[in-house]
Amino acid sequence: MQVKHLLLIAILGLTAACSSNKEVIDENLSEAELYQQAQADLDNKSYTSAVNKLKALESRYPFGRYADQAQLELIYANYKNSEPEAAKSSAERFIRLHPQHPNVDYAYYLKGLTSFDQDRGLLARFLPLDMTKRDPGAARDSYNEFAQLTSRFPNSRYAPDAKQRMIYLRNLLASYEIHVADYYLSRQAYVAAANRGRYVVENFQETPSVGDGLAVMVESYQRLHLDELAATSLETLKLNYPNHPSLVDGNFEPKQDEADGRSWLSKATLGLIETETPLPPGETRANQDVVRQFKDARSEMPQDLLPKDENGDPILPEGPKEAEKGRSWFSYATFGLFD
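Written out as C-alpha cells, the structure is:
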C-alpha cells in the first residue's frame, strides 16, 4: 500500500508540474493589495503563488511598509513549498540585512527548522527509514543553527522548541557515530573504531550512545591487545552502564566475532581443505613468491652459464631458504651479489 501511495503522489506531482504555468501578477496592484493576496495564498496553502507575490512585492516596493515582513514570510513560504535551499538563502539574507530586527529570531528558527526537515522527505514519511544511518550533514547544520538561536536569543519564544530539537539531533548524531564505529569493527579497522567510540564518549555526554561508545572502545582495545586501555574502558562501562547489552553476567561479550583469516574454501570444508598454509611470523606472500621464482629460474638455468669448480663441474647456487629473514627481493634476484 505504501508503494501505491508513493506512485500516486509521484504521478500527481509530475502532472501538476507539467500543467503549471508561470503566474502573471498584475502590475497595477498596490503594495497593500499585493500583500493581501500573498496572505490569502498562504492561508490557502498555495505556497508557489505566495512566493511569486512576495518576491514581486519586495522588488516593486523595496522600501515599503511591508518590505521587511514580506522577506520574513518569503522564508516561511519557501519552507512550506519544500524549497529548503531557497528558504535558507532567504533566511540568511534577512539576517544579514536586518541583524537588529525584532523578529530576526524567527529567521534563525526557520533556518534551523528547514535543515531539520531537509532529510525528512517524501520517502521518510511513508517508509520506516532509520535516520541514524543516513548522512548527518543536514542534522549537524540544524543543530548548529538552533544553537545560534538559543545562544543569541535565550528568551525567544522559539528557544524552548529549538532546545528540544537539539536534544533529538544530538542523540541522532551520536547514534550515527556508533553505526560508523560498528562498521569499522566489522572491517577489522580497530584503531578507527576506537577513535569513533572515544569521540562519542568525549563529545556526546548524556546521550544514550555513550555506553555504546565505551563498548566499542573495550572491544577495539581488546582486539588490539591494549589490555590496560581495554580494562579501564570496561571498568568505566560497568560502573556507569551496568545493564548495557554487551555485559552478560558481568562479563563483556564483543559484538563482532574474532577475525578468521582462513580462505572461504577452508571455512566451507571446516578446515579439511587448506588452500594456503598459515604464514610464519614475519613472513609475507610476496617473499614466498620471490623464493619460488628464484627456484624456478635456478632449475631452468643452462649448465654452461654456471661457474665451474677445479674439476670443471658446474657450481650450483644454494639459493635462499624459505624461512630466511632480512633479505630483499633484489638480493634474491641478484643471488646476493649486491648485498
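The sequence shown: position 189 = 189 (the UniProt record's numbering), numbered continuously. Even for Gly, the Cβ is constructed at its ideal location relative to N, Cα and C.
Residue burial classification, residue i (beta-carbon count within 10 angstroms, cutoff 16)
i, result
"N78", "buried"
"R187", "exposed"
"Q222", "buried"
"S59", "exposed"
"D43", "exposed"
"L122", "Residue placement at L122 cannot be trusted, given a pLDDT of 46 that sits under 50; what the coordinates show is reported in the next sentence. Exposed, by the Cβ-count rule."
"K88", "buried"
"P84", "buried"
"Q100", "exposed"
"N21", "Because N21 sits at a pLDDT of 45, beneath the cut-off of 50, its placement in the model cannot be relied upon, and the point is left open."
"P136", "buried"
"A231", "exposed"
"E219", "buried"
"G282", "Note that G282 scores 49 on pLDDT, short of 50, meaning its location in the model is unreliable and no value can be drawn from it."
"Q37", "buried"
"L239", "exposed"
"F63", "exposed"
"S233", "buried"
"S30", "exposed"
"G213", "buried"
"D309", "exposed"
"S90", "buried"
"G250", "exposed"
"R196", "buried"
"residue 360", "Lying outside 1 to 339, the shown extent of the chain, residue 360 is not represented and no answer is given."
Given residue i as reference, the closest of the options once Cα atoms are compared
i, options, result
"R96", "T114, S49, Q71 and M217", "Q71"
"V200", "V191, E206 and V210", "V210"
"F146", "R140, A162, F153 and P136", "A162"
"N52", "Q69, L113 and L74", "L74"
"K80", "A138, E310, L113 and Y143", "L113"
"L224", "E31, Y61, A189 and K255", "A189"
"R152", "G250, V104, V180 and D212", "V104"
"F204", "Y76, K55 and Y176", "Y176"
"Y76", "L226, E92 and G250", "E92"
"N171", "A230, D249 and E206", "E206"
"A181", "E33, T236 and K255", "K255"
"H98", "T48, R292, K55 and Q69", "Q69"
"V248", "E228, D227 and A215", "A215"
"M166", "A40, L149 and S233", "L149"
"residue 355", "S233, R140 and A50", "Because the chain here runs from 1 to 339, residue 355 falls outside it and cannot be looked at."
"L226", "P208, N311, A194 and T48", "A194"
"E27", "L234, Y61, Y183 and T48", "Y61"
"Q39", "A50, S30 and L29", "A50"
"L169", "F252, S233 and Q118", "Q118"
"residue 341", "Y47, K55 and G213", "Only positions 1 to 339 of the chain appear in the structure, and residue 341 is not among them; the question remains open."
"A86", "Y47, L57 and P102", "Y47"
"N243", "N311, A192, S82 and P208", "P208"
"A67", "F94, S82, Y143 and K45", "F94"
"Y184", "M217, E202 and Q164", "M217"
"residue 340", "K45, Q164 and F252", "Absent from the structure is residue 340, since the part of the chain shown begins at 1 and ends at 339."
Endpoints, alpha helix (DSSP H) assigned at residue i
i, result
"R165", "A159 to S186"
"E31", "E31 to D43"
"E228", "D227 to N240"
"R140", "G137 to R152"
"A194", "Y190 to N203"
"Y221", "V210 to R223"
"V24", "No alpha helix (DSSP H) contains V24, which DSSP labels as neither H nor E."
"A52", "According to the sequence shown, residue 52 is Asn rather than Ala. Start and end: Y47 to R60."
"S89", "P84 to L97"
"K80", "A67 to K80"
"Q256", "Run containing Q256: none; DSSP gives neither H nor E here."
"D117", "V104 to Q118"
Near the ligand ZN: residue i beta-carbon under 7 angstroms from a heavy atom
i, result
"A40", "Of ligands this structure carries none, so the ligand ZN is not represented either."
* Asked: How do the region 154-164 and the region 105-113 stand: do at least 3 beta-carbon pairs fall below 8 angstroms, yes or no?
  -> yes
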